Amino acid sequence: MKKRDYTPNVLIIYTGGTIGMKESTESGALVPMKFEQLEEEIPEIKKMGINIDSYAFNPPIDSSNMNPLLWGRIAELIKKKYIQYDGFVILHGTDTMSYTASALSFMLDNLGKPVILTGSQLPIGVLRTDGKENLVTAIEIAAAQKENAPIVQEVSIYFSSRLFRGNRTTKEDSEQFSAFASHNFPRLAKAGTDIVFNYDLLHHSKNKGIFNVNTKFCSDIVVITLFPGIQEKVFKQILATPDLKGVVLQTYGSGNIPTHKWLIDAIKESSDKGIVFLNVTQCSGGRVMMGQYETSCELRKAGVVSGHDITIEAAVTKLMFLLGQELSLKEIKMHLDQNMRGEICI
Ligand code: ASP
191 MKKRDYTPNV LIIYTGGTIG MKESTESGAL VPMKFEQLEE EIPEIKKMGI NIDSYAFNPP
251 IDSSNMNPLL WGRIAELIKK KYIQYDGFVI LHGTDTMSYT ASALSFMLDN LGKPVILTGS
311 QLPIGVLRTD GKENLVTAIE IAAAQKENAP IVQEVSIYFS SRLFRGNRTT KEDSEQFSAF
371 ASHNFPRLAK AGTDIVFNYD LLHHSKNKGI FNVNTKFCSD IVVITLFPGI QEKVFKQILA
431 TPDLKGVVLQ TYGSGNIPTH KWLIDAIKES SDKGIVFLNV TQCSGGRVMM GQYETSCELR
491 KAGVVSGHDI TIEAAVTKLM FLLGQELSLK EIKMHLDQNM RGEICI
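Be aware that the sequence shown starts at 191, since it is given in the working numbering, and climbs by one per residue.
If you want it as structure tokens, here you go:
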């Protein structure tokens, strides 16, 4: 990194996760530690030439306990501190980091500053930890400017030397340091001896409106993963759930389902009643192309919306976000089918 001619301000929002965990003396299990303890483990961050402040969740959480209310808390905090800081780093458990990154991407409207999520596979106090490099580089990226403007102006995940668009990521490995993948979109930057940004891919909008946050979500949705042998009674029972408003249907390959009549009839009946269906492929790479095979033509006729090349994490959060807004069914389907925050390529 080149020498800076001013001192950037970065806010670290510590939510919890392995990065800040230590072994409990009682049970031996990993439990979250306080941010002050975490800071002591990385004195390096004081020497970065960056003003770093922090805000910690109390208590810090394992990200398995993350939920839409807590997403809202993070977003509101960013809103409150938006003017004061050049960038934000969110320390977060890896398990649901891609969900939070996706949710934030939809919540933060007209974002013009970096919001970088990171964490680690090994706690920061462990000698071989990946947490130090992840945190230090995430802070560097959050502070990085070019021509007096932030280089990154979107929600992203920095992990294991790579910066990804947050709503394109999936946690794909629970053991390797490179825990995240972005199968359908190239990385935004690679950190070696230098941090090399992929400027053509970074999101920059010239005519940005005023930054705002929208924290409303509707959680009345379900993800149904199809599998050979799926039972009619189970499928119909799920669709009969009271107040159900949306279904992410994880289909085969390019968006295909079995041609059982009961299946398409059940989908059509629920869709006619106003339940929104979003078709997402079970494959980690590639896209839904409804109509390519006979087995997906009927879905389109039944009113199912294509998820294109969306991840399951972005599909779930986008559906919950849109259902939480005061939108008509037609508008919800229209937005689902369109790119909102770089989450899909059409
Ligand atoms: N269970 C932890 C969490 O997601 C795992 C991690 O941080 O990697 O909070």
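Glycine residues also receive a C-beta, built at the ideal position from the N, C-alpha and C atoms. Quick caveat: nothing in here was measured; it's all calculated off a predicted structure.
Nonlocal neighbours in the same chain, by C-beta distance under 6 Å from residue i, ignoring five residues either side
i: Cys487; result: Gly481
i: Asn402; result: Asp299
i: Phe367; result: Gln311, Asp320, Ser350
i: Ile341; result: Ala334, Phe387
i: Arg358; result: Ser372, Phe375
i: Asn199; result: Asn241, Tyr275, Asp276
i: Ala504; result: Ser292, Asn357, Glu533
CA nearest to the CA of residue i, picked from the options
i: Ser444; options: Val221, Ser496, Leu517; result: Ser496
i: Gln515; options: Gly382, Ser395, Phe296; result: Phe296
i: Gly210; options: Ala265, Glu226, Glu362, Gly239; result: Glu226
i: Ala219; options: Asn241, Glu229, Pro313, Val279; result: Pro313
i: Lys224; options: Asn248, Ile202, Asn241, Val470; result: Asn248
i: Ser288; options: Phe370, Gln311, Lys271, Ile420; result: Phe370
i: Phe407; options: Ile414, Ile347, Ile522; result: Ile522
i: Gly382; options: Val494, Ile235, Glu330, Leu519; result: Glu330
i: Ile203; options: Met238, Leu513, Gln421, Gly309; result: Gly309
i: Ile385; options: Asp363, Leu353, Val413; result: Leu353
i: Tyr196; options: Glu266, Met238, Ile251, Asn404; result: Met238
i: Ser461; options: Val478, Ser244, Gly356, Lys426; result: Lys426
i: Asn469; options: Leu429, Pro432, Ile428, Ile414; result: Ile414
i: Lys212; options: Phe511, Gly476, Ala456, Val316; result: Val316
i: Leu301; options: Tyr272, Arg318, Thr290, Val326; result: Tyr272
i: Asp433; options: Val221, Ile240, Ile420, Asp410; result: Asp410
i: Asn404; options: Pro198, Ala246, Ile268; result: Ile268
i: Gly475; options: Lys270, Glu484, His498; result: His498
Where residue i falls: helix, strand or coil (DSSP)
i: Ala504; result: helix
i: Tyr348; result: strand
i: Ala430; result: coil
i: Glu213; result: strand
i: Asn255; result: helix
i: Asn357; result: helix
i: Gln343; result: coil
i: Tyr289; result: helix
i: Asn241; result: strand
i: Lys380; result: strand
i: Ile522; result: helix
i: Ser461; result: helix
i: Phe511; result: helix
i: Lys336; result: strand
i: Thr197; result: coil
i: Glu474; result: Residue 474 is actually Ser in this sequence, not Glu. Three-state result, Ser474: coil.
i: Pro304; result: coil
i: Phe467; result: strand
i: Val494; result: coil
i: Pro418; result: coil
i: Pro233; result: helix
i: Ala369; result: coil
i: Ile273; result: coil
i: Ala246; result: strand
i: Gly436; result: strand
i: Leu517; result: coil
i: Ile400; result: coil
Residue i CB to nearest heavy atom of the ligand ASP below 7 Å
i: Gln311; result: yes
i: Thr319; result: no
i: Ser254; result: yes
i: Gln218; result: The question names Gln, but residue 218 in the sequence shown is Gly. Incorrect: Gly218 has no Cβ contact closer than 7 Å to the ligand ASP.
i: Gly206; result: yes
i: Gly283; result: yes
i: Thr507; result: no
i: Thr360; result: no
i: Thr286; result: yes
C-beta contact flag for residue i and residue j at 8 Å
i: Ser292; j: Glu533; result: yes
i: Gly262; j: Ala333; result: no
i: Thr205; j: Ile306; result: no
i: His393; j: Glu344; result: yes
i: Thr501; j: Thr360; result: yes
i: Leu513; j: Gly436; result: yes
i: Leu228; j: Ile264; result: no
i: Tyr275; j: Leu201; result: yes
i: Pro222; j: Pro258; result: no
i: Gly207; j: Thr284; result: yes
Close beta carbons around residue i, own chain, < 7 Å, minus the five adjacent residues each side
i: Thr286; result: Ser253, Ser254, Met256
i: Ile454; result: Glu488, Ala492
i: Ile428; result: Val412, Ile414
i: Arg355; result: Glu344, Ser346, Ser372, Phe375, Leu378, Gly532
Proximal residues to residue i (C-beta, below 8 Å), its chain only, five neighbours per side dropped
i: Leu416; result: Leu439, Gln440, Thr441, Tyr442, Ile447, Pro448, Gln472
i: Leu519; result: Gly464, Val466
i: Arg318; result: Leu312
CB contact check: residue i to chain B, cutoff 8 Å
i: Glu533; result: Of the protein chains in the structure, only one exists, and it is not chain B.
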